[in-house]
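The letter at position 148 of the sequence shown is residue 148 when you use the UniProt record's numbering, and the numbering goes up by one with no holes.
Don't be surprised by glycine CBs; every beta carbon is placed ideally from N, CA and C.
Input: a single structure, listed below in structure tokens.
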Amino acid sequence: MKYLISFFCLALLFAACERFEKPAKPFPLYFQKTPSECGPACLKMVSDHYGGDYTFETLALISQMKRYEGTSMGQISEAASMLGLYNLAVKIDYQTLLEEVPYPAMLHWDGHHFLVVYKMDKDSVWLADPARGYVSYTKEEFLPHWLAKDTLNPLQEGYALLFEPTDSFFDPRTKIKVQIQSRIEKKKKDALILQEEEDN
């Protein structure tokens, strides 16, 4: 797993050298409006960071967000792939998150929430939380929230979704495909709502 992440980071470094020779700017922040919106909100922050201009509504539709259940990491992964963001879901320890992971990355938090880590050092972690805004934690404060709540977790690991923009992310044709898919999902959603109303 460590070699796979290292390869992922190396690829991202080359991509960054080619595409992102710009002065550093504040990491984008997007607030969720309901508890179920954290996944698409995180995807929007990552997409905006790399220059995407998708609306939250579009990302919520293609990630198939449910009103009460929200989204899973798998659904966010599929939506990110549709945008042209290569992604990798991993379960890793704090040292790997600090030394090997490219930022930004999406983290699973408290077992029921998603947020984005955009900066780390050996003592502190900086997060963009769609529920609270920009927050920072010491390592000791951070770990209880991030570590997986498995019955047995002897390796002290947590879940993260890593991202790397591909050429497809910058291709205008990708946005057209995404918009078409979002319309399809909107029709499915509207039909489901109509069916539920008729059943009631």
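Each residue's CA atom was taken as its position, placing PRO35 and TYR68 some 8 Å apart. A residue is called buried once 16 or more other Cβ atoms fall within 10 Å of its Cβ, and GLN95, having fewer, is exposed. A distance below 9 Å separates the beta carbons of TYR54 and LYS175.
In this structure, the straight-line span from the alpha carbon of MET106 to that of PHE114 is close to 7 Å.
The criterion of a C-beta distance shorter than 9 Å is not satisfied by VAL90 and LEU29. The three-state reading of DSSP puts SER136 in strand, counting E and B together. For the segment 84–143, the full-length beta strand (DSSP E) segments reaching 3 residues or more read 85–93, 105–109, 113–120, 124–129 and 133–138 along the chain. Here GLN156 is exposed, its C-beta having fewer than 16 other C-beta atoms within 10 Å. Annotated three-state conformation of LEU147 is strand, per DSSP.
Contact between GLU164 and LEU85 is confirmed by a C-beta separation of about 7 Å, below the 8 Å threshold. For VAL178 and ASP110, the gap between their C-alpha atoms comes out near 31 Å. With a beta-carbon spacing of about 6 Å, LEU61 and LYS186 fall inside the 8 Å limit used to define contacts. Annotated three-state conformation of PRO26 is coil, per DSSP.
TYR134 counts as exposed, since fewer than 16 other beta carbons sit within 10 angstroms of its beta carbon. Of the candidates LEU88, TRP126, HIS108 and GLY74, the residue whose Cα lies closest to the Cα of LEU98 is TRP126. Counting other Cβ atoms within 10 Å of its Cβ, THR71 reaches 16 or more and is therefore classed as buried. Inclusion of PHE31 and ALA131 in the CB contact set at 9 Å is warranted, their separation being smaller than that value. If you ignore the 5 residues before and after LEU147, its C-beta comes within less than 8 Å of the C-beta of ASN153, GLN156, GLU157 and GLY158, all in its own chain and listed in chain order.
With respect to LYS139, ASP129 sits apart: the two C-beta atoms are not nearer than 9 Å.
Annotation for LEU161: no alpha helix (DSSP H) segment contains it, though the beta strand (DSSP E) segment containing it runs 157–165. Taking the C-beta atoms as reference points, PHE169 is found nearer than 9 Å to GLY52.
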